[in-house]
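First residue of the sequence shown? That's -4 in the working numbering, and the numbers climb one at a time after it.
Some notes on the structure that comes next.
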Amino acid sequence: MTHAHPAYAQLRQVTPIAAVMLENNPGMMTLDGTNTWILRAPGREECVVVDPGDADEEHLRRIAEVGPVALTLITHRHHDHTGGIDRFVEMTGSPVRAVDPQFRRHTDAGLPDGELIEEVGLAIRVLRTPGHTKDSTSFVIEGEGSVLTGDTILGRGTTVLDSTDGDLGDYLSSLRVLIDLGSGRTVLPGHGPELPDLQVVAEQYLAHREERLAQVRDALEVLGHDAAVRAVVEHVYTDVDEKLWPVAEQSVRVQLDYLRPSHE
-4 MTHAHPAYAQ LRQVTPIAAV MLENNPGMMT LDGTNTWILR APGREECVVV
46 DPGDADEEHL RRIAEVGPVA LTLITHRHHD HTGGIDRFVE MTGSPVRAVD
96 PQFRRHTDAG LPDGELIEEV GLAIRVLRTP GHTKDSTSFV IEGEGSVLTG
146 DTILGRGTTV LDSTDGDLGD YLSSLRVLID LGSGRTVLPG HGPELPDLQV
196 VAEQYLAHRE ERLAQVRDAL EVLGHDAAVR AVVEHVYTDV DEKLWPVAEQ
246 SVRVQLDYLR PSHE
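Laid out in structure tokens, this is it:
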């Protein structure tokens, strides 16, 4: 039986190497839930897991049973991707590699940009893509060319930039890096369904960000350079449901930091 997104508690094969297990934690920030990716080379039993998800015992058990897990990789620090790390390590004994040392387990290895991770018949290229968060990282599956994008690119909608350590300049640069990978690469996102062409969606994301940035600039012309975040949201995000405005405030704060670095 072929499963379609969303398919909770089901291992769904997406590419010859990548399968996904969708955690049942839907919400405003997680869309249908968090995607845990399981990467396995043809003919091999061991796998690599990307983002074990939150501290959901049933979800973690299902992923562990897909193993044995040779390595776990983390796309970024958010709890819905990392909250289950310690329990998952208890279940599998897997080392965990992450940019942020606080999420590493059984190894001191980080995720330097450009590194080729060769593990259990897989070749996974590290591609640092900060902006959503400072530590955001994507992974290119060499051979088939698909790209795990974490929350840098989602399966639907657009990405919220974290107002604590997100950076719009970094994010725009990261989108251009993804565009430069070329066409025809499948997007394997942290939330939402897979997408057929990374270059196309990254170009759409870049155009959307540049349009929003122009709207924020225009809002400051009308409201004044020191306008409050909420005032800018109400001026710019008229096309967005008001219940999402608190989320939009995060991205506006990051845009204001980009436009006026002295903004507090």
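The beta carbon of each residue, even a glycine, is placed where N, CA and C say it ideally should be.
Boundaries of the alpha helix (DSSP H) harbouring threonine 77: 74 to 77, taken from the DSSP string. Between arginine 72 and aspartate 95, the C-beta spacing is below 8 Å. With a beta-carbon spacing of about 11 Å, asparagine 20 and threonine 31 fall beyond the 8 Å limit used to define contacts.
In the same chain as glutamate 244, and ignoring 5 residues on each side of it, the C-beta atoms closer than 7 Å to its own belong to Val224, Arg225, Val228, in chain order. Only residues of its own chain outside the window of five on either side were considered, and among them none has a CB closer than 7 Å to the CB of aspartate 103.
Going by DSSP, leucine 26 is part of no alpha helix (DSSP H) at all; its letter is neither H nor E. Residue pairing by DSSP places methionine 16 opposite Leu6, Thr31 in a beta bridge.
By the 16-neighbour rule on beta-carbons within 10 angstroms, aspartate 165 is buried. The same chain holds no residue with a CB closer than 7 Å to that of aspartate 236 once the five nearest residues on each side in sequence are set aside. Distance check between glutamate 52 and each of Gly161, Val84, Leu34 places Val84 closest, using alpha-carbon atoms only. Membership of arginine 56 in the alpha helix (DSSP H) is indicated by the continuous run 52 to 61. Ranked by Cα distance from methionine 16, the options His186, Val91, Thr147, Glu110 are led by His186.
Per DSSP, the beta-bridge partners of glutamate 114 are Leu117. Assigned with DSSP and collapsed to three states, proline 184 falls in strand. Along the region 175 to 247, the alpha helix (DSSP H) occurs as fully enclosed runs of 4 or more residues at 193 to 218, 224 to 231, listed in sequence order. Counting only residues of its own chain and dropping the five nearest sequence neighbours on each side, glycine 161 has a CB closer than 7 Å to the CB of Gly126, His127, Thr128, Val249. Here DSSP, grouped into helix, strand and coil, assigns threonine 147 to coil.
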